[in-house]
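Each residue of the first sequence is one higher than the last, beginning at 1 in the UniProt record's numbering.
Cβ coordinates follow ideal geometry from the N, Cα and C atoms, glycine included.
Below is one structure, written out as structure tokens; comments come after it.
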Amino acid sequence: MQFDAFTQTDPRLVALVEALNPAQREAVTAPSEHRLVLAGAGSGKTRVLTHRIAWLMAVEGVSAHSVLAVTFTNKAANEMRGRIEQLVNVPVRAMWVGTFHGTAHKLLRLHWREAKLPQNFQILDADDQQRLVKRVLKGLEMAEDRFPPKMVTGWINAQKEEGRRPHQMADQGDYSQRQLVRAYTAYQQACEAQGLVDFAELLLRAYELFRDQPAVREHYHRKFRHVLVDEFQDTNTLQYLWLRLLCGPEAKIFAVGDDDQSIYGWRGAKVENIQKLSRDYPGIELVRLEQNYRSTGTILKAANGLIAHNSGRLGKNLWTEDREGEAIQLYAAYNEYDEAEFVVNRMRDYLDGHGRYSDLAVLYRSNAQSRVLEEMLIRARLPYRIYGGLRFFERMEVKDALAWLRLLVNRDDDGSFERALTTPPRGVGATSLEKLRAFAKQHELSLWKAARSGSAALGRTSGALGLFLDQIDLLDQQTRELPLAAKMEKLIERSGLKEHYKKEKGEQAEARLENLDELINAAKSFERPEEEGLDPVLNFLTHAALEAGEGQANAGEEAVQLMTLHSAKGLEFPVVFMVGLENGLFPSMRAVDEGNLEEERRLCYVGITRARQQLTISYAETRRIHGVEQICAPSQFLKEIPSETLVETRPRAAVLRSSFGVQSGRGGYGGGGFGGGGAPRSGLGSGYEHGNAWRERQQEGYNLSRPALSAKMTAEVGYGGYKLGQRVSHPSFGEGTILSFDGEGERTRVEIRFANAGTKWLMLAMAKLSPL
DNA sequence: AACGCCTCCTTTTTT
DNA sequence: AGGAGGCGTT
């Protein structure tokens, strides 16, 4: 189809393409061929993907039925569907838009017979899987120290992600390899006996379904004429194999990705799939999106300069029509507290001016870094939100309740059986359970069936056990006709879980009860009867496994955002703080040891390109890591960012050090002092050399902790009855909040942020302060 | 079954 | 340091 012809005829199509730049337009409107779109950060990737679909429908008359769009996260999938519907102005329920796992799951539900699964198969989440592997290892009497469950689980998943089944590996490799295969075999048998499917299994089964069932394969070959894949650089071996099988001779692939943003190699993602795609589809058309609509020229220059240090890139250079913007601020903090304080102070500057809390994001390499930042944010009374952490459906109490529901659906689910049997406690202890397990194993029965049939062999225990079995059956009968939410409620009540958590002490208990209520609430939205022939209970349980829910309550509220660099991918913020740029932390020690520096660098690239207007980078010269104070060298990435994009912010060294007499060999700060003047220290010279020497000695086991201390100590002690964060009143400046202290005794000075008079340093002894 | 002590480990995360 | 998980005690 010719684009020009349509611009003149249909105003809707004009609107569809008019806002696109030439490269985007080409990607969106070119005739249907296989296409690979290399989309740089902030270049309008999602836009291209959604517009492409809208274009196909509007111009080429493609039906929603023949489109499949796959993403990695539910969030991305939901967003995509929403934006497509906005563009074409009608709901597109018939279109398959979902995650790899969600799509695989859908196929397996539709073709459970061909996939050789029970109709009511259940999904095992990571936690369930871990437990099951553990039990299997126990059963095989494999030593936990030699074969840690975590490692075995990882290994099994890795095999599945390479498309390998145990029988393909039998009798291969050394002793431990054989043991692993034995574990995989037993684990898989357990899953099959219990009708369970883990995440990797969803993909592998779907792959095998297409591989082994020509009728199914051909059906979908006829159906899906357009297969669109988001974040293609994140696909693993199995996902790629499956995509290839899924695309019939008529299907056109539209893959969007960015090799420079491949940061999940450690979990099996294969950037090479991009090159593979080009080899497997020789005619594939390559489109590069390099114009960036997100960041300032300076930020892009920094990002480009950094990523240029990677080898084997497909090659891209981001550019923008936007202005240069501000220089990137670089701050050398004394320690992690100083760093956090600096971040908070800069946040205040921004917030005083105009900004919203949610404009601000702090990105760090590892979760452990969030604690100090949090502390500082609390003191500063700034609302914040940390991404990541336990999700709703992963919470203990929620999983407990769901175990009861799962048991109603499938009595042979041993994991749920054990969970329901033991929580709340009912006098069936470890010994009885062990007996039951042994009996079940001996007769190759599920725990449920073993308990039912073997009561005699189980001796005295059978009393409490029998009561439990009857209770389950009774609950099943009594709730059979109830709508889902009512069923859930009754289960929570009658299982004794509610009572159990009521008895629990502490503030957690309350939250637990609330979560149980919330679970009932969540169940309500799955009550639409028999949608697409799916049983509401199965539907609900699937949702719980596949979409574990938001990382935290109150999503989307006005708050400063804290997250790892990994979870920041795909997001953008006007103001970004990237903290902890120290060798050993970022790049992480492990990455360096294992030679994964390039992926680390890409992670840094991702971090830089999250920023729209302002980027601030910081590192600490001293940091407590695993409980030990360490001297840190600045990250090597700092050297790789073009220096003309950076401006070093002078530290307020004296604030942190004067009172403790810490003047020791800290190269770099010496000249600055505090107060005006003084050229910013340029380059990062002195930090590096002694940093390396330190690392060498560190590896020999020396602990080079210095007797320094530190913002933390100051903060906790407080002065003359005043504490950090305290509200005070001053006769001429009005009300304010104490931000920090400096010095001791009568020389103590105090930094106060006044509501109407800005931030000031005052001598505590002189200032006529009164607490509020 | 609940509690407390001890040891171990420590990058990143989605489904 | 701090959390998790294992294990032994009450």
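Item, Value
"Distance, P166 Cα to R365 Cα", "36 Å"
"C-alpha distance - R426 paired with G496, whole-angstrom precision", "10 Å"
"Burial state of Y57 (16 or more Cβ within 10 Å)", "Note that residue 57 is Met in the sequence shown here, rather than Tyr. Per the 10 Å Cβ criterion, buried."
"For I307 and L373, the rounded distance between their alpha carbons", "28 Å"
"Of the listed residues K487, R727, D352, nearest to R406 (C-alpha basis)", "K487"
"Neighbour-count burial assignment, P31, 16 or more Cβ in a 10 Å radius", "exposed"
"Residues bridged to D198 (per DSSP)", "L124"
"Cβ-Cβ distance between V256 and V560 below 8 Å", "no"
"Three-pair Cβ contact test at 8 Å for the region 14 to 34 versus the region 234 to 242", "no"
"Whole-angstrom distance between N78 and A511, CA atom to CA atom", "28 Å"
"Buried/exposed call for N521, threshold 16 Cβ in 10 Å", "exposed"
"beta-carbon M766 near the ligand MG non-hydrogen atom, thresh 7 Å", "Among the components modelled here there is no ligand, and therefore nothing to report on the ligand MG."
"When G283, T296, E336 are compared against D322, the one with the closest alpha-carbon", "T296"
"Residue from P483, E557, K505, I492 whose Cα sits closest to the Cα of D535", "P483"
"The region 284 to 294 contacting the region 618 to 626, beta-carbon criterion three pairs below 8 Å", "no"
"Selected residue, minimal CA-CA separation from R395, among T649, T431, L513", "L513"
"Distance, E326 Cα to V647 Cα", "9 Å"
"Spatial distance of D413 from K639 (CA atoms)", "55 Å"
"Three-state secondary structure (DSSP) of D438", "Reading the sequence as shown, one finds Ala at residue 438 and not Asp. If DSSP states are grouped into helix, strand and coil, A438 belongs with the helices."
"Segments assigned alpha helix (DSSP H), at least 4 residues, entirely inside the region 146 to 177", "149 to 161"
"Cα-Cα separation, L318 to T609", "10 Å"
"Test item: CB-CB of L132 and F147 under 8 Å", "no"
"contact_flag[the region 108 to 123, the region 156 to 165] where n(CB pairs < 8 Å) is 3 or more", "no"
"K45 versus E341 - alpha carbon distance", "36 Å"
"Rounded C-alpha distance that separates A765 from S729", "15 Å"
"Strand pairing of F342, partner residues [DSSP]", "DSSP lists no partner for F342."
"Nearest to N410 (by Cα), restricted to the options P249, I472, T737, I378", "I472"
"Where R35 sits in the DSSP three-state scheme", "strand"
"Sequence ranges, beta strand (DSSP E) only - wholly within the region 194 to 245, length at least 3", "196 to 198, 226 to 229"
"Own chain, CB closer than 8 Å to L469, minus 5 neighbours either side, in chain order", "W448, A451, R452"
"Range of the contiguous beta strand (DSSP E) that encloses N335", "328 to 335"
"Paired residues, beta bridge with E285 - DSSP", "R35"
"At least 3 beta-carbon pairs within less than 8 Å: the region 613 to 620 vs the region 326 to 338", "yes"
"Within 8 Å, strictly: CB atoms of I263 and R590", "no"
"Beta-carbon gap between L546 and G102 smaller than 8 Å", "yes"
"Proximity below 8 Å, CB of V362 to CB of F577", "yes"
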